[in-house]
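Notes to accompany the following structure.
Numbering (full-length UniProt numbering), first residue to last: 1 to 452.
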């Protein structure tokens, strides 16, 4: 979130325009990335940048669940509490010293506590994701009255689906956002705690899973190489080398898409330092606006450019998979346990008392449109889907034709049109399709723009 400047909350006039009175909000799904974090690895220490940063106060006060058989209460079902208690502890980091002697990792000024691990959610990241939760509360509780002001009974919690990827900073960001949305004062005493769903890495679809999808990994390598071929010898890359090359390793003095560190890694460190204190700053050349513009332009193409091409489905369709599959999950009565929301994190918010009423029937999202019965097709009618990115509506190209959007507002795509688009890249068997066509060409024979 270090590169995001949130727009102001919606005014009442904007609310009236964004939420037409003839429509009723049925379901909200929110995908969020983690908050500000430390770099994934230590880079540019030659500039004086400390490898370890003292920005993680959570390390001073960690809590772990401990099973203590002697703590079991005779008045409680052992299945509910088999002697569970908590251990509070403080974490410090150890690293290599001279001659590989173990030493404590310290901050720039010798700090021992609150030291962040690599890629760890920082205090600033916790603050901004908490603020996101507060922002969601202002919109969906205070302004739209879509969510209850207070979670009173378990069915209130059941309308909220919470899911996190297996990356610690994603889970922590989700927890912070939920805490902002429903702080303790907005949760009744005795209410069951919210359930957060996670998956094993092999089953994760909330981020591009190149570690467990061979076809996607092959495509990712091919598109990254295409980006390197396009940009490594460009005037833009030469400018980056002139500005930053003096701090690159001697064995890799030129900045490139695939240099060491990679261009994406350089940008990672720049963004992480910019989001935090003056004690963790790089030389001013790293913050040159032209450096930022070039790096973002090339970085977006390397990481996201291929998402514009239909060749990538179903391996990169993680957002669409979740958007549509959870619409259908909401159409099924929730399980007995509270049904709750994730490298990203994922919220799904259903209106109180309508967690399954008024939504498309179960199973429709897993069927292609031609396979739907006439009754199922009929039940899709009258619904609209709108995507917003950083609180700004997104217009889907395939929804622009007349009859495929709400009259007067192309950002409201009819559910039928939205489903036809998503059908093209929602896998029926993700794991099987990830194993197929591994040696096939990475690029389509003709342009296949997404969004249609």
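Glycine included, every Cβ here is placed at the ideal spot set by N, Cα and C.
Being a predicted model, the structure only gives us computed values, none of them experimental.
- With a contact defined as Cβ atoms closer than 8 Å, residue 38 and residue 119 qualify at about 6 Å.
- Look at the beta carbons and you see the stretch 151-158 not touching the stretch 108-117: under three pairs across the two are nearer than 8 Å.
- In chain order, 273 place their CB closer than 6 Å to the CB of residue 281, counting only its own chain and leaving out the 5 sequence neighbours on each side.
- The C-beta distance from residue 128 to residue 35 rounds to 5 Å, short enough to meet the 8 Å contact threshold.
- Across the structure, residue 203 and residue 212 are spaced so that their CA atoms are roughly 8 Å apart.
- Taking C-alpha positions only, residue 57 is separated from residue 65 by approximately 20 Å.
- With a 10 Å radius around the Cβ and a threshold of 16 neighbouring Cβ atoms, residue 44 comes out buried.
- For residue 385 against residue 425, the beta-carbon gap comes to about 15 Å, at or over 8 Å, which does not count as contact.
- Residue environment for residue 261: buried (at least 16 other C-beta atoms within 10 angstroms of its C-beta).
- Residue 44 carries a coil assignment under DSSP once its states are collapsed to helix, strand and coil.
- Where residue 53 is concerned, there is no enclosing alpha helix (DSSP H), because DSSP gives it neither an H nor an E.
- Pairwise C-beta distances place the stretch 17-27 out of contact with the stretch 165-177, as fewer than three of them are shorter than 8 Å.
- Its Cα nearest to that of residue 435, the residue 214 stands out among 214, 177, 84 and 93.
- In this structure, DSSP gives residue 254 a state outside helix and strand, which the three-state scheme calls coil.
- With respect to the C-alpha of residue 421, the residue from 404, 431, 430 and 429 having the closest C-alpha is 404.
- Around the Cβ of residue 219, a 10 Å sphere holds 16 or more other Cβ atoms; the residue is buried.
- Between the C-alpha atoms of residue 132 and residue 138 there is a straight-line separation of about 10 Å.
- In the structure shown, residue 98 adopts helical secondary structure according to DSSP, grouped into three states.
- In this structure residue 233 is exposed. Its beta-carbon is surrounded by fewer than 16 other beta-carbon atoms within 10 angstroms.
- If you draw a straight line from the Cα of residue 229 to the Cα of residue 446, it is about 20 Å long.
- For residue 418, the enclosing alpha helix (DSSP H) stretches over residues 415-423.
- Look at residue 244 here: in three-state DSSP terms it is helix.
- Just so you know, the alpha carbons of residue 179 and residue 414 end up roughly 33 Å apart.
- Per DSSP, the beta-bridge partners of residue 85 are 66.
- The beta carbons of residue 451 and residue 397 sit closer together than 7 Å.
- Runs of the beta strand (DSSP E) spanning 3 or more residues and lying entirely within the stretch 16-42 occur at 27-32, in chain order.
- Of the residues assessed, residue 205 falls on the buried side of the cut-off, its CB having 16 or more other CB atoms within 10 angstroms.
- Within the DSSP bridge table, the entry for residue 405 names 413 as partners.
- Taking C-beta separations shorter than 6 Å and ignoring five residues to either side along the sequence, the partners of residue 88 in its chain run 63, following chain order.
- Assigned with DSSP and collapsed to three states, residue 11 falls in coil, not helix or strand.
- Distances from the alpha-carbon of residue 6 to those of 389, 416, 406 and 449 put 389 closest.
- About 5 Å separates the beta carbon of residue 83 from that of residue 69, a gap short enough to meet the 8 Å contact definition.
- Taking all protein chains shown into account, residue 291 has 16 or more neighbouring C-beta atoms within 10 Å of its C-beta and is therefore buried.
- The C-beta distance from residue 173 to residue 136 rounds to 13 Å, too long to fall under 8 Å, and the pair is not in contact.
- Straight-line measurement puts the Cα of residue 100 at about 55 Å from the Cα of residue 153.
- Per DSSP, the beta bridge partners of residue 384 are 414.
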